[in-house]
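Chains as they are written, first to last, in the numbering used here: chain A, 68 to 770; chain B, 68 to 770.
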């Protein structure tokens with residue numbers, strides 16, 4: 068790998084927390100800082116209600132409860148897969164037409180949709196430390212997994228509970244997060260995608276914006292009735308205004324604020340461009356696939372959206388890492404940290420050598436990446452392949468104690484895995500074949516046609532032949548479910564639950580294909596874990612200790628677990644020097660509309676134009692520190708009321724992966740008034756508006 | 068832009084020429100070096116016959132005359148567009164089936180195919196210098212263009228001649244290259260693409276290889292009869308063997324060996340990844356487009372091949388620039404150069420400040436690139452758009468003196484431009500729409516939806532709507548040609564020749580679309596030329612003078628003009644330490660075949676398997692220094708005979724853009740024996756074999 072920058076460090080900035088920075092854990096929330104900055108100090112009950120009202124969407128988003136009858140608000144793009152799956156199952160294109168349940172009876176269950184409510188955090192650092200003490204570095208990762216699995220198993224004694232040991236501060240601490248698990252989630256109301264994602268990819272990650280990116284869901288209990296949810300965020304009847312203190316409660320997915328500059332360089336030259344090139348090609352394939360017909364356009368829309376979204380996000384990260392000013396701040400932070408360690412003989416002895424070790428590990432990681440991506444990660448776009456690999460691996464892993472299994476098969480994670488695999492989410496052969504062909508082409512390109520594994524996988528066949536045979540022949544599509552979407556038979560259910568092995572071999576085409584290189588994929592994964600991830604975690608645990616010793620405890624890198632950030636409603640001056648006001652209004656959408664995708668307003672909006680109040684706030688920005696995973700998070704005022712719904716960050720927020728810069732980094736949200744306006748005047752959602760108002764006034768009049 | 072590497076320079080290598088390095092001009096060929104290294108000194112007549120036998124393919128390849136009756140040998144991939152165009156015109160898929168003309172009467176004219184024979188080189192450096200003396204830096208580029216156009220006009224007094232002023236040593240010298248121009252070129256014989264490009268993209272740029280990448284063409288005279296070609300390369304009747312001295316005569320397209328490290332950094336972070344991301348997406352689109360049907364697969368094949376080829380080439384270049392060892396050599400070359408300049412007060416005064424100036428210009432170039440690429444370069448994949456833009460621009464430019472026009476409209480360049488535009492190469496609406504939609508999407512992404520130009524171009528329309536309207540409505544498809552492919556009427560011919568202007572407006576849909584942003588495209592092009600390219604050329608001219616003063620005259624960067632390189636047949640040790648033998652044999656293709664693309668042998672080969680001599684050499688490697696543009700070059704032994712046909716470089720040759728490394732950099736060629744074997748036993752090409760043998764023995768017995 069290439070030599071790193073040795074750029075002169077011009078400005079020495081201590082890695083101190085800047086104003087509004089941080090994705091804080093609930094057990095280390097800096098209420099004092101909030102009070103100092105904004106004159107309001109969140110109390111424990113305040114924090115508790117926010118935590119219990121903010122639900123994680125297990126598949127990768129955030130949401131919140133907004134009524135005592137289990138009504139849940141999230142983004143349209145977070146419920147997109149549900150909307151698409153229901154469109155396939157019910158033979159109506161709800162992405163295009165929108166969906167309104169006029170009564171609770173019309174609310175329809177989303178296949179494979181799980182919500183998590185964080186109910187307890189327990190520090191298990193010492194337990195993990197005890198279990199990994201003296202363990203060889205190559206076995207460190209496995210030892211952490213084993214210790215975590217044991218802790219999780221003890222905790223998750225019930226299908227209604229989900230337990231996860233979260234590695235915080237990149238291995239510096241371990242906390243056990245216990246969640247209530249809700250898996251009967253039904254679709255209540257969704258606007259048309261054209262207004263939810265108005266401006267499409269061109270406007271994505273920008274501001275000003277005019278997006279009605281919301282969807283309403285409802286939690287149902289085991290009795291099949293709407294759940295009672297005493298913890299919820301009352302709907303604010305007064306709109307937010309500039310300068311207002313705002314909290315965002317959600318699940319930021321992942322950040323890299325604690326990594327060394329060696330890793331930044333590898334991100335810039337390896338990880339990010341590798342992923343971008345893959346996505347660029349897949350984007351091209353899917354864009355052209357959409358031309359096959361209306362049905363293909365519909366069923367590939369979610370995947371294309373995901374690819375474009377990721378592409379833009381990584382592009383922004385790469386650009387941040389190519390910006391000298393930005394990178395110099397990160398380098399000076401590291402210089403300051405290293406100088407302080409060096410100045411302290413005790414710290415220097417314990418941690419001074421860590422950076423050089425990380426350098427070597429990052430180099431190793433870069434060397435293994437292409438094989439790892441091709442063999443272990445490269446087929447995840449095919450749902451049937453994903454199912455087949457899990458069937459295959461679970462057949463082996465089931466015979467091991469939970470702690471010895473691959474992480475995703477631990478007892479604590481199995482219920483979610485089963486829900487995902489054994490859901491009636493529709494499968495589209497044509498799209499599966501397209502994805503699998505692409506993954507095979509990429510695999511052969513990564514390893515080369517003369518690689519022994521490639522020769523074995525391909526034999527005399529082409530990528531497409533292999534893909535067609537695997538997809539067409541597989542019985543994994545055969546699954547029976549009850550009306551709640553629970554698996555009750557069919558080949559997929561049977562083979563997953565009974566396992567396959569020497570005694571019960573499966574000749575299924577997709578399973579056989581997955582088997583044809585599973586030992587290779589497992590081998591590279593094991594090598595990556597033993598030689599890179601484990602040792603890196605160990606090194607980062609050391610750096611975390613040094614950092615806490617020198618700078619005190621701060622917030623950990625994002626881990627897709629609940630966090631709370633604070634900030635305020637605030638415009639900004641963009642990189643070209645233009646002043647950007649914090650609010651847009653409904654009228655602006657009509658001005659921006661061209662009638663053509665992605666700037667086309669739905670018919671319902673055009674019909675309602677004269678009825679709508681065009682001066683109602685539509686979208687707004689705040690200084691809250693967020694990242695991908697926070698989509699669907701509520702924006703909460705100091706009264707604990709919901710004033711908005713996070714759905715994006717602006718362009719300047721991309722660098723937030725590495726560094727928070729409050730001058731321009733902004734969270735983008737739907738104003739709750741725009742939701743009410745559309746429910747009342749466009750979507751026939753008066754019963755929902757009534758429910759929101761009743762919830763708000765119940766809380767307001769509560770003792 | 069980011070700060071550059073400041074890596075410690077470990078090994079100080081003087082930028083001396085290494086063994087076998089160099090793409091030499093014919094008027095500065097180092098015969099003495101060849102003699103010192105290989106004991107053979109090419110004489111003037113020897114060089115003259117090679118030069119006059121080696122023809123440039125104007126559209127971007129090389130070739131050679133191999134018989135006194137105008138028979139021309141080049142790569143299948145260099146004639147691919149001709150083969151595809153004829154497939155469309157004659158309604159038979161010759162890419163799939165191959166093509167054999169059993170008699171000269173069956174030889175078919177390639178639409179838009181021009182060959183150039185270099186007949187004279189004249190040093191015009193002082194003329195250009197005189198014309199540009201004292202010119203302001205912003206006008207330097209235009210002044211060079213004007214001076215060149217005047218020189219070219221004086222030279223090219225006849226349609227049968229092509230004259231080009233070539234900027235050598237990045238502006239350090241200017242030579243006038245005068246070519247004979249042949250434009251009635253007919254297809255004689257082409258194998259099936261599956262054997263010409265056996266191994267497809269996976270094997271592209273690798274070795275060992277088994278590709279029969281040849282096609283035979285013939286030059287016809289103005290009388291419509293095969294041309295008499297007294298200068299040709301006789302076919303070697305004895306195969307090359309390891310260690311043999313080899314010459315490669317061809318037209319390397321472009322290299323960056325004389326650029327500063329600032330430009331290397333910009334290549335690594337900007338130019339190369341930008342292009343790669345664009346191609347990755349286009350590759351995805353075209354790959355999926357191929358699924359639309361057999362006809363679409365056929366007519367998009369050439370474009371997909373081009374994109375994949377470019378993608379792999381740039382990937383290799385980027386990887387070279389991410390390789391510390393490789394880059395350190397380049398940096399130490401620059402350090403040595405700068406130190407020597409600094410040590411000489413006179414040179415330091417004249418040239419010491421140039422590097423800092425280049426740094427600024429490269430930064431400016433990076434800042435303008437995205438707009439320049441989107442507006443001026445981004446639509447070249449659409450043939451109809453290209454025609455429309457030329458029609459439009461030529462309408463304006465025709466009213467100016469030749470030297471004041473945009474470069475491509477100079478009197479000297481017009482005949483080739485007209486031949487390209489007014490050729491009967493088929494146009495495929497469906498593919499045109501796909502390409503134009505992509506270019507529009509990319510334009511909007513590059514400039515942003517709020518850009519005033521984007522708003523004007525798009526109005527209320529989508530990319531696809533604009534593309535469909537422009538493609539479906541245009542009359543530019545209307546062209547009449549005679550049986551030789553010369554334009555003799557139709558809208559395209561008329562509008563190009565008569566021009567459009569206020570008095571004669573054209574309402575044609577594609578011309579109107581091109582017009583909708585032509586002023587914007589011209590503006591960014593002018594800015595790029597004035598603020599970057601002109602000043603850069605001026606700076607590089609200075610650096611060239613300093614380099615020649617310090618190191619003597621060497622070879623200039625490649626400029627897609629005739630060059631000659633020398634080397635020898637030689638295997639190598641690859642980057643993984645594996646020994647690679649210099650030859651492969653016909654039997655190897657049968658071993659590698661899987662029956663599936665891209666490893667499928669054509670039926671003709673399978674049928675001929677028992678007849679073929681499997682120990683005939685198939686492909687081989689030499690140390691000759693080449694780059695893209697050299698495809699189709701003859702490999703010549705010291706007797707001046709053709710022993711092979713260059714069609715590729717190996718993986719290690721990618722870095723050749725920046726630096727020649729003779730330890731692994733290899734040229735890949737088809738052995739001429741394999742061509743004979745296939746002509747005799749597979750393609751019914753006995754009349755060609757006879758012609759080749761007759762030519763060889765005529766030369767052997769000549770006085």
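From the three backbone atoms N, C-alpha and C, an ideal C-beta is built for every residue, glycine too. Just so you know, these numbers come straight off a predicted model, no measurement behind them.
In the structure shown, residue 183 of chain B adopts extended strand secondary structure according to DSSP, grouped into three states.
Following the DSSP letters along the chain, one finds residue 413 of chain B inside the alpha helix (DSSP H) bounded by residues 412–418. Residue contact with chain B for residue 529 of chain A: present (Cβ-Cβ distance below 8 Å to some residue of chain B). Using a Cβ-Cβ cut-off of 8 Å, residue 271 of chain B does not count as an interface residue toward chain A, since no Cβ of chain A sits closer than that to its own. Annotation for residue 130 of chain B: the continuous beta strand (DSSP E) segment containing it runs 128–132. At a beta-carbon threshold of 7 Å, none of the residues of chain A lie near residue 381 of chain B; the nearest stands roughly 11 Å away.
If you look at residue 230 of chain A, you'll find it in the beta strand (DSSP E) that goes 228–235. In this chain, residue 327 of chain A is not harboured by any alpha helix (DSSP H), its DSSP state being neither H nor E. Non-local beta-carbon contacts of residue 130 of chain B in its own chain, meaning distances under 6 Å to residues more than five positions away in sequence, involve 122, 124, 139, 141 and 699 in chain order. Contact of residue 259 of chain B with chain A by beta-carbon distance below 9 Å is absent, the smallest such distance being about 17 Å.
C-alpha of residue 366 of chain B to C-alpha of residue 155 of chain B: approximately 8 Å in a straight line. In the assembly as shown, residue 184 of chain A is a buried residue. Its beta-carbon has 16 or more other beta-carbons within 10 Å. Closest option to residue 298 of chain B, judged by alpha-carbon separation, among B:224, B:306 and B:286: B:286. The count of Cβ pairs closer than 8 Å, one atom from the region 459–469 of chain B and one from the region 614–629 of chain B, stays below three, leaving the stretches out of contact. Only those residues of the region 316–344 of chain B whose C-beta falls short of 7 Å from the nearest C-beta of chain A are listed: 336, 340, 343 and 344. Comparing alpha carbon positions, the residue from B:304, B:234, B:103 and B:119 closest to residue 704 of chain B is B:304. In chain order, 529 make up the part of chain A whose C-beta sits under 7 Å from the C-beta of residue 664 of chain B.
Taken in chain order, the complete beta strand (DSSP E) segments of 3 or more residues contained in the region 701–726 of chain A are 701–703 and 709–716. Judged by DSSP secondary structure, residue 502 of chain B falls outside any beta strand (DSSP E) and instead within the alpha helix (DSSP H) spanning 496–514. Listed in chain order, the non-local C-beta contacts of residue 465 of chain B below 7 Å within the same chain comprise 566, local neighbours out to five positions each way being set aside. At least one CB of chain B lies nearer than 8 Å to the CB of residue 349 of chain A. Between the region 438–455 of chain B and the region 635–650 of chain B there are fewer than three inter-stretch CB-CB distances shorter than 8 Å, so the stretches are not counted as touching. Assignment of residue 750 of chain B by DSSP, reduced to helix, strand and coil, places it in the coil class.
By the neighbour-count definition (other C-beta atoms within 10 Å, threshold 16), residue 126 of chain A is an exposed residue. Residue 389 of chain A belongs to the set of residues whose beta carbon lies under 8 Å from a beta carbon in chain B. The C-beta of residue 352 of chain A comes closer than 8 Å to at least one C-beta of chain B. DSSP places residue 315 of chain B within a strand segment (E or B) once states are collapsed to three.
Measuring C-alpha to C-alpha distances from residue 309 of chain A to each of A:647, A:326, A:636 and A:502 identifies A:636 as the nearest.
Residue nearest to residue 292 of chain B within the set B:656, B:618, B:164 and B:249 is B:249 (criterion: CA-CA distance). According to DSSP, residue pairing for residue 257 of chain A in a beta bridge involves A:166.
Between the region 504–516 of chain B and the region 238–254 of chain B, the count of Cβ pairs shorter than 8 Å is below three; the stretches do not touch.
In the structure shown, residue 241 of chain B adopts extended strand secondary structure according to DSSP, grouped into three states. Taking a Cβ-Cβ cut-off of 8 Å, the neighbours of residue 532 of chain B in chain A comprise 663, given in sequence order. In the DSSP annotation of this structure, the continuous segment of the alpha helix (DSSP H) that includes residue 459 of chain B starts and ends at 450–464.
For the options A:723, A:733 and A:611, the alpha carbon positioned closest to that of residue 237 of chain A is the one of A:611. When DSSP states are grouped into helix, strand and coil, residue 171 of chain B belongs to the helix group.
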